[in-house]
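*Asks:*
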Amino acid sequence: MAIKATIFKVKLQVSDMDRAYYDDLALTVAQHSSETDERTMVRLLAFALHASDGLKFTEGVSAEDEPDIWQKSLSNEIELWIDVGLPDEKRIRKACNRAKQVFIYAYGGRMVEPWWQLIGEKLARHENLKVIALPPAATRLLGEMARKTMTLQCTIQDGQIWIGDSTNNVFVEPELLYGTV
């Protein structure tokens, strides 16, 4: 019998001054049995960075042909494809061919640099791709904040991110590995 997903109920207040987007969101996030708290929180962070009407969590690690998060048009075209972690080159190429915009939020500490050195040049022709590295200390702290019920505030300004709850506040300064701002 398969292990059931853990369900997180999240109240997320987003104040994105870079995009002039402000909203209070009530989200249900399913954590696959093989997924860590850190990965779940990185998915939540990626969602906050792109929050908009129509943005949705997908089946994620349960579905090979879907990203972690996506946004589709009314005609079912994939407008935005967001993956977290260190996906392989084939998956990223497929995403770039299927979606208008692709964002990869890479995390994993010392593994990020060799991963990107291995596949970066092979993906250079994809103008719709952005690869962003997240600092390992910040993603670890995010993972420690994971609770089944969370109330979080996320503030984004000048490319810098602060995400916190009533007792913790994590500063995240992403590094653009590929793509344009």
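When we follow numbering that gives the first Met the number 0, the leftmost residue of the sequence shown carries the number 0, and every step to the right adds one. Ideal placement from N, C-alpha and C gives every residue a C-beta, glycine not left out.
#1: Under the DSSP definition of a beta bridge, which residues are partnered with W80?
#2: Among residues of its own chain, excluding the 5 on either side of I118, which ones have a beta-carbon nearer than 8 Å to its beta-carbon?
#3: Go ahead and pull the three-state DSSP assignment for D36.
#4: Quick one: using the 10 Å Cβ neighbour count with 16 as the cut-off for buried, is L175 buried or exposed?
#5: Pairing CB atoms from the region 109-129 with CB atoms from the region 13-26, are three or more of them under 8 Å?
#6: Distance, Cα to Cα, A145 vs A98?
#7: Provide the residue span of the beta strand (DSSP E) that contains A137, from first to last.
#8: If I measure Cβ to Cβ from T166 and keep anything under 8 Å in the same chain, skipping five residues before and after, which residues do I get?
#9: Count the other C-beta atoms from every protein chain shown that fall within 10 angstroms of the C-beta of D52, then say buried if there are 16 or more, exposed otherwise.
#10: Quick check on the burial criterion: 16 or more other C-beta atoms within 10 angstroms. Buried or exposed for Q30?
#11: Among all the DSSP beta bridges, which residues are the ones paired with A47?
*Replies:* Quick answer:
#1: W69, V101
#2: D87, E88, I91
#3: helix
#4: exposed
#5: no
#6: 30 Å
#7: Looking at the DSSP string, A137 is not in any beta strand (DSSP E); the run it does join, the alpha helix (DSSP H), is 135-144.
#8: none
#9: exposed
#10: buried
#11: In the DSSP output, where bridge partners are listed per residue, A47 has none listed.
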